[in-house]
Amino acid sequence: MPGPLTYIIWFVGILCEAAVVVCALKKGAFRRYFLLNLYMVGLIVVELVRYRVLSQYGQSSTQYAYFYYYSDALLTICLYFALCTLYSHVFSEMKAERYVKMGALLLLVGTAVFSGAVVRQSSGKMLSHFVFELSQNLYFVGVVLTYVLWAAILKLRETRTRLIQLVLSLGIYFSLLAANYAIRNLYPQVGTMVAPLAQLVGTFLPLAWAYAFWRLPEEARLAPARLAVIPR
Amino acid sequence: MSRKLVVVFLAMLVLVGAMGLKTVVTTHGDGSTIMANGASPVPITPYKNGASPVPITPYKNGASPVPITPY
Numbered sequence: 000m001p002g003p004l005t006y007i008i009w010f011v012g013i014l015c016e017a018a019v020v021v022c023a024l025k026k027g028a029f030r031r032y033f034l035l036n037l038y039m040v041g042l043i044v045v046e047l048v049r050y051r052v053l054s055q056y057g058q059s060s061t062q063y064a065y066f067y068y069y070s071d072a073l074l075t076i077c078l079y080f081a082l083c084t085l086y087s088h089v090f091s092e093m094k095a096e097r098y099v100k101m102g103a104l105l106l107l108v109g110t111a112v113f114s115g116a117v118v119r120q121s122s123g124k125m126l127s128h129f130v131f132e133l134s135q136n137l138y139f140v141g142v143v144l145t146y147v148l149w150a151a152i153l154k155l156r157e158t159r160t161r162l163i164q165l166v167l168s169l170g171i172y173f174s175l176l177a178a179n180y181a182i183r184n185l186y187p188q189v190g191t192m193v194a195p196l197a198q199l200v201g202t203f204l205p206l207a208w209a210y211a212f213w214r215l216p217e218e219a220r221l222a223p224a225r226l227a228v229i230p231r
Numbered sequence: 000m001s002r003k004l005v006v007v008f009l010a011m012l013v014l015v016g017a018m019g020l021k022t023v024v025t026t027h028g029d030g031s032t033i034m035a036n037g038a039s040p041v042p043i044t045p046y047k048n049g050a051s052p053v054p055i056t057p058y059k060n061g062a063s064p065v066p067i068t069p070y
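Just so you know, the sequences run in chain order P and C.
Residue 78 in numbering that gives the first Met the number 0 sits at position 79 of the first sequence, and the numbers go up by one each step.
Residue 48 in numbering that gives the first Met the number 0 sits at position 49 of the second sequence, and the numbers go up by one each step.
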């Protein structure tokens, strides 16, 4: 069974996820960022069921492993669509929503086909391996898409503060996870020390999104440097 | 070039980039996972070398039980 620190971080994470939904509802942003909030609601439900499965069967049980990886694949797909809605928001003035939807669907199908092709050779439990592979591949697609969206925000000189905060926090979150993974593999001897860090990173995204919904109004704009008044 | 073709091209470009990034990141990895959803603890897997599934062997040495794999 996990230690008390693991449980504490875990429940802080669930509280942060609940805070995102509450803040979005309170500030009237739930429908505007519907898929982001749907992802958070799904995450809360999954986390609670994970706790139930973990406490009933244990961390090394197949029940927990199956539920963890299958639910993670569903959540990753949900996060992928949430990321696509951020694209829709950024490109809303270009009337490119149709193309964003088409590209998102095409990329999802492409990733699924690629994952299926990779696991095709495995003899048994193909579905489980496919789910795991799809989840991992979609994670990397999400990383690349987030960086592309960062670049688009810079290029288009996007000024909507809340939208920028949502995208930047997603980018930092993905980057922290990748950095944690790299440290674990480069320095296996510190692997046990950085394991709680991965959990802490899990609480970063809901915390940053809750802040974005609570403190940054939808009308808030960043003043681009080139428009700032410079006193002479 | 039509816009639809541009969308198809960009989607494929992102897919290729993502799979390339994955290859670079996981080449020297221990097969552990990068999980992006929530703060719940990752299940303990019975083995650590590579992410590929354990092959089904046609023979058995001894009477010890087969390890339980997560997939």
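Cβ atoms here follow ideal geometry from the backbone N, Cα and C, with glycine treated the same way.
Please read these numbers as outputs of a predicted model, since none were measured by experiment.
Can you have a look at residue i and say buried or exposed, based on whether 16 or more other CB atoms are within 10 angstroms of its CB?
i         : result
P/Thr-110 : buried
P/Arg-156 : exposed
P/Glu-16  : buried
C/Gly-19  : exposed
P/Gly-27  : exposed
P/Arg-119 : exposed
C/Arg-2   : exposed
P/Ile-13  : buried
P/Leu-169 : buried
P/Ser-134 : buried
P/Ile-163 : buried
P/Val-99  : buried
P/Pro-216 : exposed
C/Gly-37  : buried
P/Pro-205 : buried
C/Val-15  : exposed
P/Leu-24  : exposed
P/Gln-188 : exposed
C/Pro-45  : Since pLDDT at C/Pro-45 reaches only 49, below the 50 mark, its modelled position is unreliable, and the value read off the structure follows with that caveat. Classification for C/Pro-45: exposed.
P/Ala-116 : exposed
Counting along the chain, where does the alpha helix (DSSP H) carrying residue i start and finish?
i        : result
P/Tyr-68 : 61 to 89
P/Met-39 : 33 to 56
P/Phe-10 : 3 to 25
C/Arg-2  : 2 to 25
Should residue i be flagged as near chain C, meaning a C-beta pair shorter than 9 angstroms?
i         : result
P/Ala-197 : yes
P/Asn-36  : no
P/Ser-91  : no
P/Trp-9   : yes
P/Phe-80  : no
P/Ala-181 : yes
P/Ala-64  : yes
P/Pro-1   : yes
P/Phe-33  : no
P/Leu-74  : yes
P/Ala-177 : yes
P/Arg-49  : yes
P/Leu-162 : no
P/Leu-42  : yes
P/Leu-105 : yes
P/Met-101 : yes
P/Ile-235 : Outside the shown range of chain P, which is 0 to 231, sits residue 235 of chain P, and nothing can be said about it.
P/Val-147 : yes
P/Thr-158 : no
Could you name the residues of the same chain whose beta carbon sits closer than 7 angstroms to that of residue i, not counting the 5 residues immediately before and after it, in chain order?
i        : result
P/Cys-77 : Leu-37, Tyr-38, Gly-41
P/Cys-83 : Val-99, Ala-103
CB-CB under 6 angstroms to residue i, same chain, minus the five flanking residues each way: which ones, in chain order?
i         : result
P/Val-140 : Thr-110
P/Trp-213 : Cys-22
P/Val-19  : Met-39, Pro-205, Trp-208, Ala-209
Mind checking if residue i is an interface residue toward chain P, Cβ cutoff 9 angstroms exclusive?
i       : result
C/Leu-4 : no
Beta-carbon within less than 8 angstroms of residue i's beta-carbon, same chain only, minus the 5 sequence neighbours each way: which residues are those?
i         : result
C/Gly-61  : Bear in mind that the predicted position of C/Gly-61 carries a pLDDT of just 46, short of 50, making it unreliable; the figure below should be weighed with that in mind. Same-chain partners within the cutoff: there are none.
P/Val-166 : Leu-85, Val-89, Thr-145, Leu-148, Trp-149, Ile-152
P/Leu-74  : Tyr-38, Gly-41, Leu-42, Val-45
Task: Those runs of the alpha helix (DSSP H) which lie wholly inside the segment 94 to 160 of chain P and span at least 4 residues - done: Runs of the alpha helix (DSSP H) inside the segment 94 to 160 of chain P: 96 to 118, 125 to 154.
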